[in-house]
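First comes the structure, then the notes that go with it.
Residue numbers (the working numbering): 171 to 506.
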């Protein structure tokens, strides 16, 4: 509790950590996995603070001062911004006694006699309009691809349905449609996936990604788009529905086997403002889903008309003429 409330932020440690951050940023700039992720977020949240990497940029980290860090801690590391989850073999009274003893004096700092105001709420990110494609030219031996668009908050009632639908589409590993088509049948990619990421304050996003030979990039993209459209066009099969429901039914006990896992669930509930017992009610909801409900969710939340597409590839060998994206929306940028 003393470290939380009164951290030293030793200047020598501060400089050492800043050096590690800068070294990490340098490494990210030559790692295609990191470059594709950052490029995707830059397109997805263009013009919004969410597009920035948490670890910063080579140009910004050196400008952070020791005083900045102290001020940031004083402003944001306050009780009103904190969520404390305790799970274990203890009585409520004993735990409250310990918390009062160690954190009872933790107060929001005051300035000018008044408590500091919370940071202003940001405007939501702008919806994706049209198609935005960016190719980062790097000296790589394969193409890295991420496709996506904004979706829903984690607390949205549709999120559980989207998780179920996505398990069949690309979240179920080797049994998913994307993996079966692009990896197993065509041999175009070793890894292919999709995911709905729920947002907290703002909408989350949908992302589908793969890695493929540079020469097969257009074919892999076409297959990806085909499966997205098929998800909207064709109801899931009885076998797909059964396999998905069995997976989520079996996932419930695995998510709460340890104290740490239970704490994670409680923290998720508080952070995303979810209902009590959401981990049970969402599974119950999934067990009642029908093929028609999953198809309606696909129609509404899979958008092949408004999206961002990030690629990291070797431009000299990349041919997107037959890709399912208009050439005039493609921009090429050099490696960072």
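Every residue, glycine too, gets a C-beta built ideally from N, C-alpha and C.
In chain order, what residues of the same chain lie with their CB nearer than 6 Å to the CB of residue i, ignoring the 5 residues before and after it?
i           : result
residue 393 : 351 and 352
residue 294 : 372
residue 228 : 195
residue 367 : 374 and 375
residue 175 : 276
residue 211 : 221
residue 282 : Unreliable positioning characterises residue 282 in this predicted model, as indicated by a pLDDT of 44, which lies under 50. The coordinate reading is nonetheless provided below. Result list for residue 282: empty, nothing under 6 Å.
Per the DSSP calculation, residue i is bridged to which residue(s)?
i           : result
residue 203 : Bridge partners of residue 203: none, in fact.
residue 504 : 307
residue 514 : No answer is possible for residue 514: the residues shown for the chain start at 171 and end at 506.
residue 360 : Bridge partners of residue 360: none, in fact.
residue 316 : 379 and 480
residue 270 : Residue 270 pairs with nothing; no bridge assigned.
residue 260 : In DSSP, residue 260 forms no bridge with anything.
On the criterion of 16 or more Cβ atoms from any shown chain inside 10 Å, does residue i qualify as buried, or is it exposed?
i           : result
residue 422 : exposed
residue 284 : Low per-residue confidence applies at residue 284: pLDDT is 43, beneath 50, and the placement is therefore not dependable, though the value from the model is reported in the following sentence. Result: exposed.
residue 291 : exposed
residue 215 : buried
residue 414 : buried
residue 223 : exposed
residue 404 : exposed
residue 361 : exposed
residue 510 : Shown here, the chain extends from 171 to 506; a query on residue 510 therefore has no answer.
residue 462 : exposed
residue 268 : exposed
Closer than 7 Å by C-beta to residue i: which residues in its own chain qualify, once you throw out the five before and the five after it? Chain order, please.
i           : result
residue 206 : 314, 316, 480 and 482
residue 358 : 352, 382, 386, 389, 390 and 393
residue 435 : 425, 426 and 449
residue 256 : 265
So residue i is in the beta strand (DSSP E); what residue range does that whole segment cover?
i           : result
residue 246 : No beta strand (DSSP E) contains residue 246, which is instead part of the alpha helix (DSSP H) from 236 to 246.
residue 382 : 375 to 382
residue 192 : Element bounds for residue 192: not the beta strand (DSSP E) but the alpha helix (DSSP H), 181 to 198.
Where do the N-terminal and C-terminal ends of the alpha helix (DSSP H) with residue i fall, by residue?
i           : result
residue 450 : 448 to 457
residue 471 : 461 to 471
residue 249 : Segment: none, residue 249 is in no alpha helix (DSSP H) and carries neither H nor E.
residue 412 : 408 to 424
CB-CB under 8 Å to residue i, same chain, minus the five flanking residues each way: which ones, in chain order?
i           : result
residue 504 : 306 and 307
Assess contact between the segment 448 to 455 and the segment 179 to 189, defined as three or more Cβ pairs (one per stretch) separated by less than 8 Å. Is contact present? no
Contact between the segment 488 to 499 and the segment 317 to 331 (3+ Cβ pairs under 8 Å): no
Does the structure place the segment 454 to 471 close enough to the segment 404 to 418 that three or more beta carbon pairs sit under 8 Å? yes
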